[in-house]
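Below is one structure, written out as structure tokens, with a few remarks after it.
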Amino acid sequence: MEYNLDQFGMSKEELFAPVDHNDLESEKITAPRYSYWHSVFRVFFKKKINIFILALLGVIVLLAYLYPLFVDYDRYMNVLDASTKHLTPAKAIERFGFSIHWIMGTGGAGQSTWDSIWYGSRISISLAFVCALINMTIGVLFGAIWGFSKKVDVVMIEIYNIVANVPYLLVISVMVMIFSASFWTLVFAMTVTGWLAIAYFMRTQVLIIRDREYNLASKCLGTSSFKIAMKNILPFLTSIIMTVVATEIPSYISYEVFLSYIGMGMSDASLGRLIFEAESAMLTPGWQFEFWCPVAVASIITVVLYVAGQNLGDASDPRTHM
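Structure follows, in structure tokens:
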């Protein structure tokens with residue numbers, strides 16, 4: 193069947209129009225712009241469990257850092273009143289009246305277990321984040337250079353072989369015994385050699401991708417080893433770094449709790465110190481809340497930090513952004 197263009201009110205000039213050739217326009221990419229961190233958070237929040245974990249982590253951090261600011265907490269406020277010591281939640285509410293302060297009972301000095309836990313959580317979480325920040329910064333940067341420079345590798349591999357054979361907990365314990373057990377003493381003890389294991393792990397990862405074509409091309413063009421390590425290698429290892437962070441932060445809380453439990457921790461009311469002081473209440477009928485409440489909170493904090501970090505590390509892998 194033939195159609196007449198006139199019956200549609202169209203002419204040949206309107207059907208076909210000349211298009212100018214433009215080299216700049218032909219080079220444009222019509223694909224949507226890619227944002228790495230936008231894709232990371234899109235993948236991360238795609239899983240509903242991550243939203244719950246992040247919300248729980250936010251509640252824990254708010255309680256640890258904001259709650260103590262609005263509470264006038266005195267650890268020894270009721271120390272002279274024997275009737276306030278080692279109370280269960282029900283007996284504490286009966287003794288003092290219903291209040292959030294007494295929903296976990298009281299401790300050996302008549303103090304609020306609820307208040308003590310969040311004061312202690314602030315110290316333990318702060319210790320973990322400070323240690324992780326120091327160890328990860330030194331370990332990642334030095335590990336990148338270590339893996340890329342063969343001269344540095346010869347020296348550092350011998351140092352690592354010596355230091356790595358000394359148990360990490362033994363190093364921390366010796367440092368605590370030499371200096372007074374305080375917040376910054378523990379920070380120093382956990383970071384003086386703690387970064388070395390991270391640096392060695394990063395060195396191994398760098399060796400895997402060090403001699404790839406784009407790195408060899410950069411080296412042939414005169415790019416310094418430091419710039420290649422910082423610009424070409426570390427961004428490629430973002431997901432691995434996030435995974436390491438996920439394991440490091442909870443581990444420092446565990447170390448602090450363990451050292452305090454064996455009597456070598458801080459004198460401050462950290463989570464470990466609370467568990468140490470409540471050890472005698474673990475097997476005493478009616479006193480178990482005093483021990484198990486800080487244990488439960490310390491466990492929840494470490495698990496939440498680990499799961500959130502692991503899932504963020506998985507989301508940081510570009511292969512999950514498809």
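Residues in the sequence shown are numbered consecutively from 193, following my numbering. We put the CB at the ideal spot given by N, CA and C, even for glycine.
* Give, in chain order, every unbroken run of the alpha helix (DSSP H) that is at least 4 residues long and sits entirely within the stretch 406 to 466. => Fully enclosed alpha helix (DSSP H) runs of no fewer than 4 residues occupy 417 to 420 and 430 to 453 of the stretch 406 to 466, in order along the chain.
* Terminal residues of the continuous alpha helix (DSSP H) containing residue 308? -> Your numbering for residue 308 matches position 116 in the sequence shown. Element bounds for residue 308: 305 to 340.
* To do: For residue 445, collect the residues of the same chain with a Cβ closer than 6 Å to its Cβ; drop the 5 residues on either side in sequence, then sort them by chain order.
  => As a position in the sequence shown, residue 445 is number 253, starting the count at 1. Same-chain partners within the cutoff: 316, 320 and 494.
* To do: For residue 396, name the three-state secondary structure that DSSP assigns.
  => One-based indexing of the sequence shown puts residue 396 at position 204. Correct three-state label for residue 396: helix.
* **Counted within 10 angstroms of its Cβ, other Cβ atoms place residue 368 as buried (16 or more) or exposed** => Looking up residue 368 in the sequence shown gives position 176. By the 10 Å Cβ count, residue 368 comes out buried.
* Would you decide whether residue 485 is buried or exposed? Buried here means 16 or more other CB atoms lie within 10 Å of its CB. => The sequence position of residue 485 within the sequence shown is 293, counting from 1. Residue 485 should be labelled buried.
* Touch check for the stretch 266 to 276 and the stretch 466 to 475: three-plus C-beta pairs under 8 Å? -> no
* How should residue 290 be labelled, buried or exposed, when 16 other C-beta atoms within 10 angstroms of its C-beta is the threshold for buried? -> Against the sequence shown, residue 290 aligns to sequence position 98. Residue 290 comes out exposed.
* To do: Output the distance between the C-alpha atoms of residue 439 and residue 402, rounded to the nearest integer angstrom.
  => Counted from its first residue, the sequence shown places residue 439 at position 247. Counted from its first residue, the sequence shown places residue 402 at position 210. Answer to the nearest angstrom: the Cα atoms are 25 Å apart.
* **Burial state of residue 359 (16 or more Cβ within 10 Å)** => For the purposes of this step, residue 359 is identified with residue 167 of the sequence shown, where counting begins at 1. Per the 10 Å Cβ criterion, exposed.
* Asked: Given residue 242, which residues of its chain have a CB within under 7 Å of its CB, disregarding the five upstream and five downstream residues?
  -> Here residue 242 refers to the residue found at position 50 when the sequence shown is read from its first residue. Contacts found: 236 and 503.
* Anyone know if the C-beta pair for residue 462 and residue 482 falls short of 8 Å? -> Counted from its first residue, the sequence shown places residue 462 at position 270. Counted from its first residue, the sequence shown places residue 482 at position 290. In this structure, residue 482 does not lie closer than 8 Å to residue 462 by Cβ.
* Member of 458, 479 and 507 whose CA lies at the smallest distance from the CA of residue 312 -> For the purposes of this step, residue 312 is taken as residue 120 along the sequence shown, with counting starting at 1. The candidate whose alpha carbon is nearest that of residue 312 is 458.
* Status (buried if at least 16 other CB within 10 Å, exposed otherwise) for residue 467 -> The sequence position of residue 467 within the sequence shown is 275, counting from 1. It counts as buried.
* Per DSSP, what kind of secondary structure is residue 385 in: helix, strand or coil? -> As a position in the sequence shown, residue 385 is number 193, starting the count at 1. Coil.
* Asked: Rounded to a whole number of angstroms, what is the C-alpha to C-alpha distance between residue 332 and residue 451?
  -> For the purposes of this step, residue 332 is taken as residue 140 along the sequence shown, with counting starting at 1. For the purposes of this step, residue 451 is taken as residue 259 along the sequence shown, with counting starting at 1. Straight-line Cα distance between these residues: approximately 27 Å.
* Using CA coordinates, which residue listed in 314, 496, 501 and 265 is at the minimum distance from residue 294? -> Numbered from its first residue, the sequence shown carries residue 294 at position 102. Of 314, 496, 501 and 265, the residue nearest in Cα terms is 265.
* Asked: Among 340, 299, 304 and 280, which one has its Cα closest to the Cα of residue 392?
  -> Counted from its first residue, the sequence shown places residue 392 at position 200. With distances taken between Cα atoms, residue 392 lies closest to 340.
* Asked: When the distance is taken between beta carbons, is residue 336 closer than 8 Å to residue 394?
  -> As a working mapping, residue 394 is identified with position 202 in the sequence shown. As a working mapping, residue 336 is identified with position 144 in the sequence shown. Yes. Within cutoff.
* Simplified DSSP state of residue 476, which is helix, strand or coil -> Position 284 of the sequence shown, counted from the first residue, corresponds to residue 476. In the three-state scheme derived from DSSP, where H, G and I count as helix and E and B as strand, residue 476 is classed as coil.
* Does the distance from the C-beta atom of residue 508 to that of residue 430 stay below 8 Å? -> If you number the sequence shown from 1, residue 508 lands on position 316. If you number the sequence shown from 1, residue 430 lands on position 238. Less than 8 Å separates the beta-carbon of residue 508 from that of residue 430.
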